[in-house]
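K.L.:
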Amino acid sequence: MSQIGIFEIVGPIMVGPSSSHTAGAVRLGYASRQILGVRLQEADIYLHGSFAATYWGHRTDIALIAGLLGMRMDDPSIPKAVEKAHAAGLTYQFQETDLGDVHPNSVRLILRGEGEAVTIEGASIGGGRIRIFRVDGFEVSCDGTYTTLISRHRDEPGVISEITRVLGEMQINIAFMQVSRVKRGSDALLVAQTDDPISSEVRHRVEQVRGVQQVRTLSRF
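Positions 1 to 221 (the numbering used here) are the ones given, in order, by the sequence shown.
Written as structure tokens, this is what we have:
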């Protein structure tokens, strides 16, 4: 018999009419802002499925912008997200799209700021929970319950073992790890979900590994 947790029954502490379309959307925006890692200036937001069909009534658009501004799902300022985005100089646009065979509450976020850019695809899967399933075209699976290190590197021998060696030396315990690539010999993406915070020193050490091109982090939230 499957078990149902209390979180699925009562839902999260939140602002908004829907845990899936509002609270989850806030968390998707918040996580994506973290992964970008710099001050967000522009966002192209593509809504899929149920998100596209019902976003106006559930204010999914407001929720996504709130998360991109750094608000949590219980922030009382969420209804003022558009006003705050304008004050912060954040420009954005919403479009409808078809992301294929993915969860109906899915979104693609193309974020830019301070010379950095990232494309994130994720879904709100119920009860305020989320799953990020693609980063810059690479298949991933993370949900914000663990601190996450995301390393893009050349797909060549020794890079992954060196990254994990650095994490071990820095006393970072890996709970789950995933590597994604488009084809052999191209770039690859390592996603390490850890039990421990990733400090700036740890991130710097990983960035120095031969073959590593870019390191992003997502704090547990």
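Backbone N, C-alpha and C define an ideal beta-carbon position, used for all residues, glycine too.
These numbers come from a predicted model, not from an experiment.
Can you tell me whether DSSP reads residue 50 as helix, strand or coil?
P.N.:
As a working mapping, residue 50 is identified with position 50 in the sequence shown. Note: residue 50 maps to helix in three-state DSSP.
K.L.:
According to the Cβ coordinates, are residue 28 and residue 96 closer than 8 Å?
P.N.:
Counted from its first residue, the sequence shown places residue 28 at position 28. Counted from its first residue, the sequence shown places residue 96 at position 96. Not in contact: residue 28 and residue 96 (Cβ atoms no closer than 8 Å).
K.L.:
Residue 169 to residue 143, Cα distance in whole Å?
P.N.:
For the purposes of this step, residue 169 is identified with residue 169 of the sequence shown, where counting begins at 1. For the purposes of this step, residue 143 is identified with residue 143 of the sequence shown, where counting begins at 1. Between residue 169 and residue 143, the C-alpha separation is close to 26 Å.
K.L.:
Start and end of the alpha helix (DSSP H) containing residue 30?
P.N.:
Position 30 of the sequence shown, counted from the start, is the residue given in the question as residue 30. Its alpha helix (DSSP H) spans residues 24-36.
K.L.:
For residue 85, list the residues DSSP reports as bridge partners.
P.N.:
Locating residue 85 in the sequence shown gives position 85, counting from the first residue. Bridge partners of residue 85: none, in fact.
K.L.:
Grab the span of the beta strand (DSSP E) containing residue 126 for me, first residue to last.
P.N.:
Position 126 of the sequence shown holds residue 126. First-last of the beta strand (DSSP E) with residue 126: 116-126.
K.L.:
Between residue 111 and residue 32, which are expected to be in contact by the criterion C-beta below 8 Å, what is the C-beta distance as a whole number of angstroms?
P.N.:
Along the sequence shown, one-based indexing puts residue 111 at 111. Along the sequence shown, one-based indexing puts residue 32 at 32. Correct: roughly 6 Å between the Cβ atoms.
K.L.:
Okay, do the region 65-75 and the region 49-56 touch, 3+ Cβ pairs below 8 Å being the bar?
P.N.:
no
K.L.:
Taking the C-alpha atoms as reference points, what is the distance between residue 26 and residue 40?
P.N.:
Here residue 26 refers to the residue found at position 26 of the sequence shown. Here residue 40 refers to the residue found at position 40 of the sequence shown. Going from the Cα of residue 26 to the Cα of residue 40 covers about 15 Å.
K.L.:
Taking the C-alpha atoms as reference points, what is the distance between residue 183 and residue 125?
P.N.:
Looking up residue 183 in the sequence shown gives position 183. Looking up residue 125 in the sequence shown gives position 125. Pairing residue 183 with residue 125, the inter-Cα distance amounts to about 29 Å.
K.L.:
Can you tell me whether residue 13 is buried or exposed? The criterion is at least 16 other CB atoms within 10 Å of its CB, across all chains shown.
P.N.:
By one-based count along the sequence shown, residue 13 stands at place 13. Because the pLDDT of residue 13 is 42, which lies under 50, any placement of that residue in the model is unreliable, and the question is left without a value.
K.L.:
The alpha helix (DSSP H) with residue 166 in it runs from where to where?
P.N.:
Taking the first residue of the sequence shown as 1, we reach residue 166 at position 166. Segment 159-169, the alpha helix (DSSP H) holding residue 166.
K.L.:
Provide the residue(s) that pair with residue 91 in DSSP beta bridges, ordered along the chain.
P.N.:
Numbered from 1 along the sequence shown, position 91 holds the residue referred to as residue 91. 42, per the DSSP bridge assignment.
K.L.:
So, for residue 114: in the same chain, excluding its five sequence neighbours on each side, which residues have a beta-carbon less than 8 Å away from its beta-carbon?
P.N.:
Numbered from its first residue, the sequence shown carries residue 114 at position 114. Within the same chain, residue 114 has close Cβ partners 38, 39 and 41.
K.L.:
Distance check for residue 165 and residue 86, CA to CA, integer angstroms please.
P.N.:
Here the question's residue 86 lines up with position 86 in the sequence shown. Here the question's residue 165 lines up with position 165 in the sequence shown. For residue 86 and residue 165, the distance between alpha carbons rounds to 44 Å.
K.L.:
Can you name, in chain order, every residue of its own chain whose Cβ lies under 8 Å from the Cβ of residue 147, other than the five neighbours on each side?
P.N.:
Here the question's residue 147 lines up with position 147 in the sequence shown. Once the five neighbours on either side are set aside, the close Cβ partners of residue 147 are 193, 194, 195, 196, 197, 198, 217, 218, 219 and 220.
K.L.:
Cα separation between residue 137 and residue 109?
P.N.:
Indexing the sequence shown from 1 puts residue 137 at position 137. Indexing the sequence shown from 1 puts residue 109 at position 109. Whole-angstrom Cα-Cα distance: 12 Å.
K.L.:
Can you tell me whether residue 91 is buried or exposed, with buried defined as 16 or more other CB within 10 angstroms of its CB?
P.N.:
Reading the sequence shown from its first residue, position 91 is the one you call residue 91. With fewer than 16 Cβ atoms within 10 Å of its Cβ, residue 91 is classed as exposed.
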